[in-house]
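So the structure is just underneath, and the comments pick up after that.
Right under this line is the structure:
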């Protein structure tokens, strides 16, 4: 009998890599039939691990397959990848069970003729996994294959940060992240939440940089009354830092653009207080629904959700004291959290995204009041979407000046790569 988690992982990988389902949706669908929390955890580990380490896995498999690996049937490739990931990166699992389940999955997928190949390749890999060979030059290829990142991105990081910092970054991206929580300060302090979660069987520790975050060490916080009652939301520590940039002043009028899923809106609501005004906006229908659901659960009634219906913003000029533009971007700063992003992006995406980001920043600037603050942020590692966009904006934006640049990187901060620029509109 095939282990339930492996069977579910195979289905999720087929849905994601063959049928084009996004990774969270594929995982959610495969997780539904699993009742044991251990099976659910293993499913997530297997699927995200295969996606994360796909290039390295494919390299090792290709060395042991007599025909071009990419020419194999998709079901066979998926079974091989799933088995290879377990053999190479999960040494707690018995190799015989891994190989037997991979063969059984191949047969279950009606690819019985390939079961002998799957068996032979994975048994060879199991025998040789302590003496694997990897490419050693050029450096960008060696790091790309061993650490399973696209080579174009590795080359960029080597040029900016050097080989040592790049390898540290790649290693960071391949580590499974802990769940990070942001405290809803409208309801509780960080200490209050930590104590309440402890009473619900969830062990946490305070985040190092964010004053309002908790890292989950053990337990299932999303199954607790604290989550259902809106005491926190899930948000990376580096993302939490963005919501603290810039000064708001007294009774500010605040606009949070591209606000979904709502974590930064929650933080801004706590900063705005009872005397201010907070408007949250997004244009994507699915994201707007998520934003409304999040704000309702967190009980942030003071936040007004507005949905633009045209290219221009539905606000009067110079009306907000503070505007946060959390711009849609490549997401290349969150590769650890979202491993599929590394394969979804290409170098050609960057100029297209940067042009859209610059246009959004220019539109947002029109609603910033004199003396107000404009914060531009991304979760991208690439300067094309960060400093270059801000520099282009400032080059032709009369009356605006840069006050602060903020960035986090895995190599320097052990955090996801986020960028923020605090821009002042002069009086």
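Numbering (our numbering), first residue to last: -7 to 419. Where a beta carbon is used, it is the ideal one built from N, C-alpha and C, also for glycine.
Between residue 165 and the set 136, 235, 256 and 349, the nearest pair of CA atoms involves 136. Just measuring C-alpha positions, the residue of 380, 367, 387 and 182 sitting nearest residue 412 is 367. The beta carbon of residue 232 sits closer than 6 Å to those of 174, 202 and 205, all from its chain and outside the five residues before and after it, given in chain order. Secondary structure in the region 249 to 312: the alpha helix (DSSP H) runs of 4 residues or longer, each lying completely within the stretch, are 255 to 264 and 277 to 290 in chain order.
Shown here, residue 10 sits in a helix according to DSSP, grouped into three states. The beta strand (DSSP E) runs lying completely inside the region 91 to 137 and spanning 3 residues or more number zero. Here residue 65 has 103 and 106 as same chain residues with Cβ atoms under 8 Å from its own Cβ, once five neighbours each way along the sequence are excluded.
Closest by C-alpha distance to residue 326, out of 73, 401, 35 and 128, is 401. Between the alpha carbons of residue 372 and residue 97 lies a distance of about 38 Å.
It is roughly 39 Å from the alpha-carbon of residue 361 to the alpha-carbon of residue 16. Burial state of residue -7 is exposed, judged by a 10 Å Cβ sphere holding fewer than 16 other Cβ atoms. In the structure shown, residue 83 falls within a coil segment according to DSSP collapsed to helix, strand and coil. Judged by DSSP secondary structure, residue 396 falls outside any alpha helix (DSSP H) and instead within the beta strand (DSSP E) spanning 392 to 400.
Scanning the region 196 to 246 for uninterrupted beta strand (DSSP E) segments of 3 residues or longer gives 205 to 210 and 224 to 226, listed from N- to C-terminal end. Exclusion of the five residues before and after residue 147 leaves 132 as the residues of its chain whose Cβ lies within less than 8 Å of its Cβ. A Cβ-Cβ separation of about 30 Å leaves residue 309 out of contact with residue 322 under the 8 Å criterion.
In this structure, the straight-line span from the alpha carbon of residue 199 to that of residue 387 is close to 37 Å.
DSSP places residue 65 outside both helix and strand once states are collapsed to three, so it counts as coil. Here the alpha carbons of residue 130 and residue 380 stand approximately 29 Å from one another.
Distance from the Cα of residue 329 is smallest, within the candidate group 299, 41 and 292, for 41. Look at residue 379 here: in three-state DSSP terms it is helix.
Check the Cα spacing between residue 47 and each of 127, 316, 264 and 239: the tightest is with 127. Between the alpha carbons of residue 280 and residue 252 lies a gap of roughly 6 Å.
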